[in-house]
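Numbering-wise (the UniProt record's numbering), the sequence shown opens with residue 1 and increments by one.
For every residue, glycine included, the Cβ atom is placed at its ideal position computed from N, Cα and C.
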Amino acid sequence: MNQITTENLKSELDLFALTYKDDSALDKMVELCMCNRLEVNEMVGEWMAYSTNKKGLVITVENLEQFEHEVTKVETNVHDVMKIEEEEENLLDSYSTPAKGSQKRALTTPEHPRSKRGAALLPSPGLLLSPASFSHSVTPSQKYNQRGGKGEVVVTFGAVQGTRWVGRKAGESVQVELLDGPEDSLRCSYKYMFQRLRDVRNVLTQKIEELGESLKSHFQIEDFCPASLPAQDSITVLGQVCCDSNGKLNAQSVLLEAGPEQGGQQVPVDLSELKEYSLFPGQVVVMEGMNTTGRKLMVSKLYEGVPLPFYASEMKMEMDEEPVNVLVACGPYAPSDSLTFDPLLDLINVIVRDRPDVCILKAQVTEPFEAIFFRCVQSILDGTKSVGCHLVFVPSQRDTHHHPIYPQPPFTLPNHLEDQRVTLVPDPCTLLIDGVTFGLTSTDILFHMGAEEISCGTGSDRFSRILKHMLTQRSYYPLYPPVEEVNMDYEKFEIFAQMPLTPDILIIPSELRYFVKDVVGCVCVNPGRLTKGQVGGTYSRLLIQHSASEDGKRVSPCLAAQVVKI
């Protein structure tokens, strides 16, 4: 199939002396080609048939939208009817023995191709994401195509009633940049698998000391005592939670490992006197209690971490300024039983319909070919060109074509895919969108910490507890040791995986159930996955607006948020 580009479209329009208003009309026409799986020549033919009785009809964005409404919707209905007829015919054939010379519908082969118009009506590959470009035997996922609840809103947050989920007017720019700037961010790949145990220990020690200083200052603690020295009075100790074995942490296996300044030893911990607690391996805490023998600390009080302050923006908000519409989606972008990228195409249609200002797309391309990833990016760029939205691409540990290391460097794109609308960021990172900070990560820390955390008397909302731990430990991945699938480079972890501040919005996709929650003033969003196995999943959308504090109190910039079924 020929590549769908504005250049190809221009030459085809010039061939038939068809006039268009401007480049935005060409972008819209390319978008229609992609969304309706049409070749350039087929698209031009459809337009000529539509405009025959409308002499002098110029190709404009408005006329193309009317064309889309009147023509392409009809063709979709025709396709549905043909599909039902074919299914009924196949069902009847399954109950009968084919007779010689049976008048069954002819198969499409290279020797007997289907007509071009018929091909346009059927779900044959028509994009850069064509299944035939991967395998000649690929079929669309039946379970995905038969999913229910398309567009259903499953989670709401904030003032949703009466909200218009559309972006700003065309031409109004949105500022998107890394908070630390490119010079202080992880920008390129690096050598890994060379770290020494001594270096890992130094990073963990530094973390204990830094969080210990903040706890000491916040709770006005005079000094920390060595955890393993016998004492007849109550003592206050600083350390990192760990397990006494390689198994899962439980109330009887908790150890507190002190930093070098407090002796650097491990001491067993008795939690029986605590009415409530929530602990996980790697957590830096301050404990108060008795250790009369030096062999076990009887804990009577637990001091947990303190979150960092929020970002103080210097931007001035105009009185009539419209909020920014941000769409967030996380892969996989293809169902598990098919190589078709129908979920990604559906997402592009959502972007075209809602016209968000910023799209944050977290990868997870499961096929082992870099070319497929580039094809996905090309389709997203072409499909959203008329919208003009800013695209943010975040890598994932599951991307088979990218570096399997944490922190993970950003993607690199070939020259022909470079676009000023695209921002390539590492995993994790802190992003600044029009004065509002976004914490982004693709690693499923919710799932990892949920399997390790123990709690007592803290309620049933485990998600909020884990998110609070992340914010108070000031890290995008506070779990130590990490799960086996996360290849941690602690030298880069210390520099690039710590939170520089408490983000206004934390995007944290997970295999666990989608949600939107306010945790210590930070709006935390799990958009879910765009596909869940063989069926469709969810994405999220947010309306944000930087606002000044009222009476000295911070006002959340997240006006509203939703999680929606694709």
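So which of the options has the shortest CA-CA distance to residue i?
i	options	result
Gln283	Val254, Val299 and Cys33	Val254
Arg157	Asp518, Gln545 and Val555	Before going on, a small fix: residue 157 reads as Phe here, not Arg. Checked all of Asp518, Gln545 and Val555; the closest Cα to Phe157 is Asp518.
Val71	Lys54, Val61 and Trp47	Trp47
Glu321	Glu209, Val174 and Phe194	Val174
Pro426	Arg37, Val394 and Val377	Val394
residue 568	Ile59, Leu32 and Arg541	Since the first residue of the chain shown is 1 and the last is 566, residue 568 is not available in this structure.
Ile544	Gly167, Gly537, Thr443 and Leu559	Leu559
Val286	Val237, Glu65 and Leu501	Val237
Glu62	Met34, Ala49 and Leu26	Leu26
Pro281	Thr292, Gln265 and Gly247	Gly247
Ile307	Val520, Glu12, Met34 and Gly151	Looking at the sequence itself, residue 307 is Pro, so the reference to Ile does not match. Considering only alpha carbons, the answer is Val520.
Glu491	Leu38, Lys385, Arg168 and Leu197	Leu197
Pro230	Lys55, Gly239, Met298 and Ser464	Met298
Pro268	Gln397, Pro260, Gln240 and Leu57	Gln240
Arg168	Val326, Ser234 and Leu279	Val326
residue 570	Arg353, Val328, Met449 and Ile351	In the structure as shown, the chain begins at 1 and stops at 566. Residue 570 is therefore absent and cannot be evaluated.
Gly388	Val153, Val166 and Glu68	Val166
Thr400	Glu484, Cys243, Ser386 and Ala371	Ala371
Ile508	Met499, Asp444 and Gln266	Asp444
Glu210	Glu288, Ala561, Tyr514 and Met499	Met499
Would residue i be called buried (16 or more neighbouring beta carbons within 10 Å of its own) or exposed?
i	result
Ser460	exposed
Gly457	exposed
Ala159	exposed
Leu148	First, the amino acid is wrong: residue 148 is Gly here, not Leu. Label assigned to Gly148: exposed.
Asp504	buried
Lys301	exposed
Val564	buried
Gln194	Checking the displayed sequence, the identity of residue 194 turns out to be Phe instead of Gln. By the 10 Å Cβ count, Phe194 comes out exposed.
Val525	buried
Ala188	A small correction: the amino acid at residue 188 is Cys; Ala does not occupy that position in the sequence shown. Cys188 should be labelled exposed.
Arg295	exposed
Lys553	exposed
Round the Cβ separation of residue i and residue j to the nearest angstrom and send it over; I've been treating them as touching at under 8 Å.
i	j	result
Pro410	His403	Actually they are not in contact, since the Cβ atoms of Pro410 and His403 sit about 10 Å apart, beyond 8 Å.
Val486	Val176	27 Å between Cβ atoms; not a contact.
Ile566	Asp346	6 Å
residue 611	Gln534	Any answer about residue 611 is impossible in this case: the structure gives the chain only from 1 up to 566.
Leu304	Thr472	Reading off the sequence shown, one finds Glu at residue 304, where the question assumed Leu. Right, the Cβ-Cβ distance comes to about 6 Å (below 8 Å), so this counts as a contact.
Ala497	Ser475	6 Å
Leu432	Phe310	With 8 Å as the limit, Leu432 and Phe310 do not qualify as a contact, their Cβ atoms being about 12 Å apart.
residue 576	Thr430	Only positions 1 to 566 of the chain appear in the structure, and residue 576 is not among them; the question remains open.
His546	Ser245	In fact, because the Cβ distance is near 49 Å, the residues do not count as touching under 8 Å.
Tyr539	Tyr477	Tyr539 to Tyr477, Cβ: 24 Å. No contact.
Specify the secondary structure class of residue i as computed by DSSP and reduced to three states.
i	result
Ala371	helix
Cys389	coil
Val40	helix
Pro481	coil
Ala561	strand
Thr441	coil
Val174	coil
Lys55	coil
Met499	coil
Leu157	Per the sequence presented here, residue 157 reads as Phe, with Leu not at that position. Here Phe157 sits in strand by DSSP.
Thr6	helix
Ile221	coil
Thr430	strand
Glu453	coil
Asn246	coil
Ile566	coil
Lys532	strand
Gln473	helix
Ser278	strand
Asp461	coil
Leu256	strand
Glu213	helix
Glu418	coil
Met193	coil
Ala49	helix
Ala99	Here Ala99 scores only 46 on pLDDT, less than 50, and its place in the model is too uncertain to base an answer on.
Tyr20	strand
Val166	coil
Spell out the partners DSSP gives residue i in its beta bridges.
i	result
Asn325	Leu543
Phe515	Asn526
Cys330	Lys362
Ile208	Note: Ile208 sits in no beta bridge, so no partner.
Asp270	Met298
Glu288	Thr236 and Lys301
Leu506	Gly439 and Cys524
Met34	Bridge partners of Met34: none, in fact.
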